[in-house]
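Here is the structure we will look at, set down as structure tokens.
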Ligand code: PLP
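Residue numbers (this note's numbering): 16 to 409.
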């Protein structure tokens, strides 16, 4: 079969997260701080809205762009949250999660050889998405010492005549870094001067624990060159419903909708109905979940530091990204050994780009007892591999 597959698809590595989780599935009694998924079930009122919509016979296709009532709620939500106004008729597209929105945007924007600038470490889908349309992802390294913010000098240094798109994904998976108003301000002039389009993946925007989430789309001159993406998976605990959205320039939204209509048709109507309910009445439940994540964020951060791991304080999302450099092990060796010896699953940092080597991602969307138990087991692991501790200073 191999000879039939395109060289493009063969050139894409399987997701480092999935590869690692095949191992997890084969191990018993594992505590997983692995997959980046809320441990909450979707709030009851949202599930109920879905049941009710089915009872009333909503089982058909919707408009390709998504239900108008949902697009209206999305536009109202974005105005409330980031202060940017979008027309529900022309500037909003409902997608199968942010995943589809990223794919559509890259397909609509990238010509072969175009460059997509991607701050790293980052979510696993961007570089393969660029490769699938024969574009080239250019990593922009971000550092622990900068709190994983994208530095303007690093952006500028990597821009070439082929640079077309900059992906900003803050709060960030896997680091938990955020970009404050002044950090984004420092990028705006460069973005405009070099005529870049920004894909702003804001899926963790509600999970911001320090100050308010700020979108680059809200800066003067940026609305039309920014495609804001968000969805229901994380903040509303709706990963399995597969619904998200993109907001941006009407021409770009129309181009994306053209691809979407031939490949997907529309997001499932029951998920769209549930999403309407989440936006109309979901703020209270969502805030409770966010408070809960914040509690666990502090718990895991102090736990990791106590066992001797150097860890940046995450300001958003639901991940900690401690350094394991002092152990002398590679990220993959560390994770495999930890899984085998202590049955704790975390993700090797290099799954998020080569600059993630020397780090591990721990997702704290897990129960408090599981987080405590995982920390205890990681502590014994580090003590056993004691050369590790002598180097971490812990
Ligand atoms: N963007 C980021 C940064 C993510 O971490 C994830 C999932 O982990 C996604 C997008 C995918 O989101 P969705 O479930 O909306 O497709």
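The beta carbon of each residue, even a glycine, is placed where N, CA and C say it ideally should be.
Values in this document were obtained by computation on a predicted structure and should not be read as measured data.
Would you say the beta carbon of residue i is closer than 7 Å to some non-hydrogen atom of ligand 1?
i: residue 138; result: yes
i: residue 216; result: yes
i: residue 380; result: no
i: residue 113; result: yes
i: residue 259; result: yes
i: residue 152; result: no
i: residue 77; result: no
i: residue 190; result: no
i: residue 68; result: no
i: residue 47; result: no
i: residue 366; result: no
i: residue 246; result: yes
i: residue 2; result: Absent from the model: residue 2. The displayed extent of the chain is 16 to 409, so no value can be given.
i: residue 331; result: no
i: residue 371; result: no
i: residue 81; result: no
i: residue 144; result: no
i: residue 441; result: Nothing can be reported for residue 441, as the shown portion of the chain is limited to 16 through 409.
i: residue 263; result: no
i: residue 51; result: yes
With a CB to CB cut of under 7 Å and the five nearest residues on each side skipped, what residues in its chain are close to residue i?
i: residue 385; result: 46
i: residue 335; result: 191, 315, 316, 319, 326, 329, 377 and 379
i: residue 340; result: 373
i: residue 142; result: 133 and 152
i: residue 173; result: 132, 153 and 155
i: residue 287; result: 77, 81, 82, 85, 109 and 258
i: residue 209; result: 174 and 178
i: residue 375; result: 337, 339, 346, 349, 350, 361, 362, 363 and 364
Between the C-alpha atoms of residue i and residue j, what's the straight-line distance to the nearest angstrom?
i: residue 333; j: residue 309; result: 8 Å
i: residue 222; j: residue 252; result: 12 Å
i: residue 139; j: residue 74; result: 33 Å
i: residue 406; j: residue 315; result: Residue placement at residue 406 is poorly supported in this model, since its pLDDT is 49, which falls under 50; the coordinates are not used for a value here.
i: residue 238; j: residue 260; result: 16 Å
i: residue 275; j: residue 80; result: 8 Å
i: residue 224; j: residue 302; result: 11 Å
i: residue 192; j: residue 228; result: 12 Å
i: residue 307; j: residue 180; result: 35 Å
i: residue 103; j: residue 262; result: 9 Å
i: residue 337; j: residue 250; result: 23 Å
i: residue 23; j: residue 207; result: 32 Å
i: residue 290; j: residue 84; result: 10 Å
i: residue 266; j: residue 98; result: 21 Å
i: residue 100; j: residue 154; result: 31 Å
i: residue 87; j: residue 96; result: 14 Å
i: residue 63; j: residue 27; result: 40 Å
i: residue 110; j: residue 296; result: 21 Å
i: residue 188; j: residue 137; result: 6 Å
i: residue 118; j: residue 92; result: 23 Å
i: residue 1; j: residue 214; result: Outside the shown range of the chain (16 to 409) lies residue 1, about which nothing can therefore be said.
i: residue 304; j: residue 20; result: 43 Å
i: residue 42; j: residue 36; result: 10 Å
By Cβ distance below 6 Å, which residues in the same chain neighbour residue i in space, the five residues on each side in sequence not counted?
i: residue 409; result: Low per-residue confidence applies at residue 409: pLDDT is 41, beneath 50, and the placement is therefore not dependable, though the value from the model is reported in the following sentence. These residues qualify, in order along the chain: 323.
i: residue 159; result: 327
i: residue 185; result: 193 and 194
i: residue 201; result: 167
In chain order, what residues of the same chain have a beta carbon less than 8 Å from the beta carbon of residue i, not counting five sequence neighbours either side?
i: residue 76; result: 280, 281 and 284
i: residue 25; result: 17
i: residue 151; result: 128, 129, 130, 131, 145 and 177
i: residue 381; result: 46, 47, 48, 54, 311 and 389
i: residue 294; result: 85, 88, 89, 91 and 92
Just list the residues that DSSP pairs residue i with in beta bridges.
i: residue 376; result: 362
i: residue 37; result: According to DSSP, which records beta bridges pairwise, residue 37 is partnered with nothing at all.
i: residue 73; result: According to DSSP, which records beta bridges pairwise, residue 73 is partnered with nothing at all.
i: residue 155; result: 134
i: residue 109; result: 260
i: residue 245; result: 260
i: residue 89; result: According to DSSP, which records beta bridges pairwise, residue 89 is partnered with nothing at all.
i: residue 46; result: 359
Given the structure, does residue i come close to ligand 2, in the sense that its CB is under 7 Å from one of the ligand's heavy atoms?
i: residue 254; result: You won't find ligand 2 in this model; what it holds is ligand 1.
Is the Cβ of residue i closer than 8 Å to any Cβ of chain D?
i: residue 162; result: Protein chains in the displayed structure number just one, and chain D is not present.
Ordered list of beta strand (DSSP E) runs contained in the segment 175-223, each at least 3 residues: Correct list: 178-183 and 212-216.
Those runs of the alpha helix (DSSP H) which lie wholly inside the segment 259-337 and span at least 4 residues: 265-278, 284-296 and 298-321
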